[in-house]
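Residue numbers (the numbering used here): 73 to 358.
What follows is a single structure, written as structure tokens, with notes after it.
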């Protein structure tokens, strides 16, 4: 077997097209840049909706600056120039749905109230309502069938168009971003742990209420909402990949009891955990 090259010899950026069709493609995008790498200016050649699966990074364009964490979605307009930086973390992995304007316009025409296809913000924050789509995307990277890819692309772009709206976000300071990046890293390494707002604020060496405001300004969601989204994502992956009891999956993901987990899961996915798991069985039968 040919040995893998040392990490320092791996390319800083790779993009692998997993599926493609007329006017769209889905790419697995892996970045290995870190704090020692200077930001490089790039340009979106397509309309892009990218789900952040791991890692965190800063994104800057003429619309300002945004911080992208696992569970959030990056939104890019065609021909838009931007810079990405990894001041607080090394590497990230995204699944990018890259579409031509005509493909997006066709989707938008079927969405009530959507008058324009240009995104007015850089990101969709990592809110629990995004978890079902994020879970579908993560599953697609593991066991996806190419015939499912276009439907997933349509649904993901539809979600972005419907959820994206004008925002008046306060500017983010580098110091605040650094504090929140450390909190994001702690949550993602152990979403099942009993992490409190006081714990995260103490790590950041600021007061609880100050930290709450800073976290929401940087990520777009509260620390609790972000923690719930990561726990739901972990549970959804386990329901599809693991044969453990639903109660054990709930407890392993960090939920206090089965009823709390079922209520939150149903609110996010529109179905109870058992029915969600049954989809795996139906897929295997096909």
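Don't be surprised by glycine CBs; every beta carbon is placed ideally from N, CA and C.
None of these values were measured; they are calculated from a predicted model.
Reduced DSSP secondary structure (H/G/I, E/B, other) of residue i
i           : result
residue 97  : strand
residue 193 : coil
residue 311 : helix
residue 20  : Outside the displayed range of the chain (73 to 358) lies residue 20, so it cannot be described from this structure.
Short Cβ contact (8 Å threshold) for residue i with residue j
i           : j           : result
residue 179 : residue 226 : yes
residue 232 : residue 291 : no
residue 102 : residue 145 : no
residue 122 : residue 256 : no
residue 169 : residue 96  : yes
residue 206 : residue 165 : no
residue 111 : residue 157 : yes
residue 299 : residue 259 : yes
Where residue i falls, given that 16 or more other Cβ within 10 Å makes a residue buried
i           : result
residue 98  : buried
residue 302 : buried
residue 345 : buried
residue 245 : exposed
residue 127 : buried
residue 228 : buried
residue 153 : exposed
residue 262 : exposed
residue 89  : exposed
residue 42  : Within the shown structure, residues of the chain are numbered from 73 to 358, placing residue 42 beyond reach of any answer.
residue 82  : exposed
Candidates the options, of which the one nearest residue i by Cα
i           : options           : result
residue 250 : 311, 316, 161     : 161
residue 116 : 93, 147, 230, 336 : 147
residue 235 : 138, 270, 194     : 194
residue 155 : 129, 87, 104      : 129
residue 336 : 315, 85, 199, 270 : 199
Quick check: the stretch 255 to 272 against the stretch 203 to 222, are there 3 or more CB pairs under 8 Å?
-> With the cut-off at 8 Å, the stretch 255 to 272 and the stretch 203 to 222 do not touch.
Are the stretch 323 to 341 and the stretch 164 to 178 touching, with three or more C-beta to C-beta distances below 8 Å?
-> no
Three or more C-beta pairs closer than 8 Å, one from the stretch 127 to 134 and one from the stretch 206 to 217: is that the case here?
-> When C-beta atoms of the stretch 127 to 134 are compared with those of the stretch 206 to 217, fewer than three pairs fall below 8 Å, so the two segments do not count as touching.
Contact between the stretch 273 to 280 and the stretch 309 to 316: three or more CB pairs below 8 Å?
-> no
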